[in-house]
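Undergrad: Encoded as structure tokens, here's the structure I'll be asking about.
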Amino acid sequence: NNDKSNNNNNNNDNNNLIDLNNRMNIELNNKVIIAELEKRNKLQLQELKLLKQQFNSSEELNSAFANQIKELANTIVELKIEKQKIEELSINLQNQNKKLIEQKNEFKKIEQDLEFEFGLQEKKFNEIEQNFKKEFE
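Numbers given in this note's numbering equal positions in the sequence shown, counted from 1, plus 347.
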């Protein structure tokens, strides 16, 4: 029974660690996405500077410039959304971590209680065994 309890505790620990690992992978993927968006943002800024030098206030420049501004605005919105997601995930991971630590402490307490109870049972069994031997001597 004690083994079954420990096995269940280990399974719970493993499932919680797998969940934590999955959440950390999601957070890492989001950081990669943000890095890509920031790289794209820098490239677009460089393109804007080149366009400005090449066309120098012509109609083409005005049109291209407006499109680039729209793209930059969209990229900024995407970055803000990704940043918010990562912040939320980070909070979730912190909460999950607190829960895991609490569960680990609960499991330790249960394990100690079971070990203590087993010790009492073993002591009672030894007393019964001694009494049994005395009766048949």
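From the three backbone atoms N, C-alpha and C, an ideal C-beta is built for every residue, glycine too.
Would you mind working out which of Asn376, Lys378, Lys456 and Glu418 sits nearest Leu390, comparing C-alpha positions?
TA: It is Glu418.
Undergrad: Pick helix, strand or coil for Ser405, following the three-state DSSP scheme.
TA: Reduced to three states, the DSSP call for Ser405 is coil.
Undergrad: Could you say which of Phe454, Asn421, Glu435 and Glu474 lies nearest to Asn355 if we only look at CA atoms?
TA: Here the closest residue by C-alpha is Phe454.
Undergrad: Should the stretch 371-385 be regarded as contacting the stretch 422-441, the criterion being three or more beta carbon pairs within less than 8 Å?
TA: The stretch 371-385, when compared against the stretch 422-441, does touch it at the 8 Å Cβ threshold.
Undergrad: Taking C-alpha atoms, which residue in Gln443, Leu467 and Asn473 lies nearest to Asn369?
TA: Of Gln443, Leu467 and Asn473, the residue nearest in Cα terms is Gln443.
Undergrad: Helix, strand or coil, according to DSSP, for Glu429 in the structure here?
TA: DSSP places Glu429 in helix when its eight states are reduced to three.
Undergrad: Helix, strand or coil: which one does DSSP assign to Glu474?
TA: Helix.
Undergrad: Give me the Cα-Cα distance between Asn478 and Phe463, rounded to the nearest whole angstrom.
TA: For Asn478 and Phe463, the distance between alpha carbons rounds to 23 Å.
Undergrad: So, helix, strand or coil for Asn372, using DSSP?
TA: DSSP places Asn372 in helix when its eight states are reduced to three.
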